[in-house]
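Below is one structure, written out as C-alpha cells; the observations come after it.
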Amino acid sequence: MTFPQNTPSIDQLINLPAGEIAQLPVELLAALQREIDATAKQMKAVTARFSTALEVRYAARAAEARRACGKDTGTVRIVDGDFTVVADLPKRVEWDQAKLAAMVERIRAAGEDPAEYVEISFKVPERAYVAWPEAIRQGFEPARTVKTGTLKIDLLPQEDRA
416 MTFPQNTPSI DQLINLPAGE IAQLPVELLA ALQREIDATA KQMKAVTARF STALEVRYAA
476 RAAEARRACG KDTGTVRIVD GDFTVVADLP KRVEWDQAKL AAMVERIRAA GEDPAEYVEI
536 SFKVPERAYV AWPEAIRQGF EPARTVKTGT LKIDLLPQED RA
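One point on numbering: in this note's numbering, the residue at position 129 of the sequence shown is 544, and numbering is uninterrupted.
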C-alpha cells in the first residue's frame, strides 16, 4: 500500500508527539512498526559487529593492562592517539544453588545464623502456584504480589491472526 508524501519517517517519529502518532491510520502504523522492527534488527547486528571490531582492536591490550594491574576483571584505561579507551570486563559470579543450600544447612546445624553469611530468597514458579490446590494457594496468597510488565502491541494484517 502506498502512503501520502507527508508520511513521517522513523527519524521524524522521535520528534512527533505520541498523540499525533496515535492518530495515524492503522495501515501506516503497521508499516512503521515493521520498518522500526527491521531497523532495530539491523542496528543490533551493526552494534554486534562494531563491538567485535573493538574487541579485535583492544582486547589483547586490555588483558595485558589488567595483568599489569594484577587483576583478571574490571576496568582499565588504554591510550590510543588522542583517545582514552575504557575497557571493562565485568565479573559475573554464579553460585551452585544446591551446594549453597547444603552449606546453609551445615551453618544452621552448627548453631550459627546462615543470614550472617548468605542472602536467602524464596521464589514460587507461577505455573506451580496456579496448579496447587486452593487450600495451599490461600496460605501463600498474603506473600504474593502481582505486577504487570510493559504492554506490547503488534499490528498484524487480518490473514496473520492466530
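Glycine is no exception: its CB is placed at the ideal position from the N, C-alpha and C atoms.
All figures in this text were calculated on a predicted structure; none of them were measured in a lab.
Beta strand (DSSP E) containing residue i: first to last residue?
i	result
Thr490	Gly489 to Asp495
Leu504	Phe498 to Leu504
With residue i as the anchor, note down where its alpha helix (DSSP H) starts and where it stops.
i	result
Glu442	Val441 to Cys484
Tyr544	Glu541 to Ala546
Gln427	Ile425 to Leu428
Gly554	Glu549 to Phe555
Ala525	No alpha helix (DSSP H) contains Ala525, which DSSP labels as neither H nor E.
Gly564	Neither: Gly564 is in no alpha helix (DSSP H) and is coded neither H nor E.
Ala437	Ala433 to Ala437
Which whole-angstrom value is the C-beta distance of residue i and residue j, which I expect to be below 8 Å?
i	j	result
Thr499	Arg507	Between Arg507 and Thr499 the Cβ distance is about 25 Å, and since that is not below 8 Å, they are no contact.
Val545	Val533	Not a contact, Cβ separation roughly 30 Å.
Gln438	Leu570	Wrong, their Cβ atoms sit about 15 Å apart, outside the cutoff.
Leaving out five residues on either side along the sequence, give the residues of the same chain with a beta carbon under 6 Å from the beta carbon of residue i.
i	result
Leu504	Thr488
Met416	For Met416, the predicted structure reports a pLDDT of 48, less than 50, and the residue's modelled location is therefore unreliable. A value from the coordinates is still provided. Counting only Cβ-Cβ distances below 6 Å, and skipping sequence neighbours, we find Glu442.
Gly485	none
Go through its chain and collect everything with a Cβ distance to residue i's Cβ below 7 Å, but skip five positions before and after it.
i	result
Ile451	Ile425
Arg552	Tyr544
Hey, out of the options, whose CA is closest to residue i's CA?
i	options	result
Ser466	Val441, Ala502, Pro440 and Ala445	Ala502
Pro440	Ala455, Pro423 and Lys456	Pro423
Ala543	Ala453, Lys486 and Phe555	Phe555
Ala558	Lys538, Ala483, Arg482 and Arg472	Lys538
Leu444	Pro548, Glu574, Leu428 and Gln457	Leu428
Pro529	Thr490, Ala516 and Pro540	Ala516
Ile535	Ala513, Ala477 and Gln573	Ala513
Thr490	Pro572, Ala478 and Gly496	Ala478
Ordered along the chain, which non-local residues of its own chain (more than five positions away) have a Cβ less than 8 Å from that of residue i?
i	result
Val494	Val500
Pro432	none
Arg523	Pro529
Arg482	none
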